[in-house]
Amino acid sequence: MRRATVSALAGAALLATLSAAPTAQAADERSVTYRGYEIAVPADWPVFDLAQDPTTCVRFDRPAVYLGTPGDQRDCPSHLVGRTTALTIEPLTADAMAAAGTPADGTVRVPVPEAGLLVSAAHGPAAGEAELVRDVLATGRVTADAEPAPMPAPPKDAAPLAAAGPQPGTYTGRGFDACAAPSLSAMNTWRDSSPYQAVGVYISGGLRACSQPNLTANWVTNTTADGWHLMPIDVGRQAPCTNYASRMSTDPATARSQGATAAANAVTAAQNLGIPAGSAIYSDIEAYTRGGSCTTAVLNYVRGWTQSLHDRGYLSGVYSSAASGIADLVAAVPNTPVELRVDHIWFAWWNNVADTDGGSYIPDNYWNQRQRIHQFRGGATETYGNVSINIDRNYLDVVTR
């Protein structure tokens, strides 16, 4: 990619780089034009027209360009983790602005009212990715056939709509998690037709792989008012012995600080969605090889995560494999101060048994006060009321107050 200097990522600063005249294009680039807006992207980025296939999954774990408004119900794999460079260009609406990501999770937003568009660039934590998307955005220009649209009115200074109490609340029964929050109409259909009454939603984290156009404060208010129990998920740094681009430090103090920062960002995201204090937020820590500095890093990260959540009035939850992250938490219980212990565990053990029995992985006297979620099967597409979603299946026995 050719390089262009961008000193600020605020919309006004980037809009100043939009020129009326085309510039020379490098051999490793391709030009993408949508509704009077032209931008140069790497030649190997595929382009998806969401108007042609509204079920396309807008995912940020692989480079791509997505044009148009995401469909209400997209065909996304249930459990994607990871983030790299990608671009979305969609009509500039209040809903699009409300649902777009934030710098904390690796998203740069550029409203282009001259073309009536919102351009959002996703990037991961790998070296050079943030610079790459800045360079891509700097090539954007408005063409003669653009149709302007006004900037959506900013929201009034009012408190976010609130969920119906702390989440996931008091519930025993089945739940599911999906990479992208389903539409309200899909949630209504599944409420009436499926065995599920709880849903896991990815609210924050630098490795959040799917776009979340449906996940707004209004969505949270409506789903919880309709009886759904929410499992808020943050997918951030992973164990240092994995291959993920964003990993915990092997220095214990740094890992603990990283966990605290992740919790602070997750609380901000939860509050913006109207998920109140008293709720549990679950840190998604994918499977890893236990032992040595890897285990030490995870435990310190979780301690920082837990302390920071408690300081802000939230409960600490951790999702992980029963054989790795959960096993390390179990082993650490005797040496962990009570105030730093995880409040809820969400363990992945795909034994196809819908209960919260942890078998040999989790002693019966640990997290036995309605503090468990069991992910008992992963990656299955289920259909209720003609609405199909690829989900992971869970069974909950939880209380939050």
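Taking this note's numbering, the leading residue of the sequence shown gets 1165, the next gets one more, and so forth. We put the CB at the ideal spot given by N, CA and C, even for glycine.
{"query": "Below 8 Å between beta carbons: does that hold for Gly1400 and Ser1447?", "result": "yes"}
{"query": "Taking the alpha-carbon positions, what's the Leu1437 to Tyr1530 distance?", "result": "31 Å"}
{"query": "Along the chain, where does the beta strand (DSSP E) containing Ala1285 start, and where does it finish?", "result": "Leu1281 to Ala1286"}
{"query": "Given this structure, state the Cα-to-Cα distance separating Val1479 from Gln1435, to the nearest angstrom.", "result": "In the sequence as presented, Val is not what sits at residue 1479; that position holds Leu. Leu1479 and Gln1435: Cα-Cα distance of roughly 14 Å."}
{"query": "Going by DSSP in three states, Asn1382 sits in which element: helix, strand or coil?", "result": "helix"}
{"query": "Provide the residue span of the alpha helix (DSSP H) that contains Arg1420, from first to last.", "result": "Pro1416 to Asn1436"}
{"query": "Keeping to the same chain, check which residues put their C-beta closer than 7 Å to that of Ala1185; ignore five residues upstream and five downstream.", "result": "Confidence at Ala1185 is low in this model, with a pLDDT of 47, below 50, so the placement of that residue should be treated as unreliable; the coordinate-derived value is given next. Answer for Ala1185: no residue qualifies."}
{"query": "Please list, in chain order, all residues of the same chain as Thr1545 whose beta carbon is under 6 Å from its beta carbon, the five residues on each side excluded.", "result": "Ser1552 and Asn1554"}
{"query": "Look up Ala1185 in the DSSP assignment and say whether it is helix, strand or coil.", "result": "With a pLDDT of only 47 at Ala1185, under 50, the local geometry of the prediction cannot be trusted, and no value is derived from it."}
{"query": "Take Leu1504 and list the residues in its own chain whose beta-carbon comes closer than 8 Å to its own, dropping the five residues that flank it on each side.", "result": "Arg1467, Thr1470 and Gln1471"}
{"query": "At the level of alpha carbons, what is the spacing between Leu1251 and Val1497?", "result": "43 Å"}
{"query": "Determine the burial state of Gly1292: buried for a count of at least 16 other Cβ atoms within 10 Å of its Cβ, exposed for fewer.", "result": "exposed"}
{"query": "In angstroms with no decimal places, state the Cα-to-Cα distance between Pro1275 and Asn1429.", "result": "23 Å"}
{"query": "Val1245 to Gln1376, Cα distance in whole Å?", "result": "14 Å"}
{"query": "Using a threshold of 8 Å, state whether the C-beta atoms of Asp1116 and Arg1355 are closer than that.", "result": "In the structure displayed, the chain extends from 1165 to 1565; residue 1116 sits before or after that span and is not available."}
{"query": "What would DSSP say about Thr1271, mapped onto helix, strand or coil?", "result": "strand"}
{"query": "Which runs of the beta strand (DSSP E) spanning at least 3 residues fall entirely within the region 1214-1254, listed in chain order?", "result": "1229-1231"}
{"query": "Whose C-beta lies closer than 7 Å to the C-beta of Asp1519 among residues of the same chain, with five residues either side of it excluded?", "result": "His1538 and Tyr1559"}
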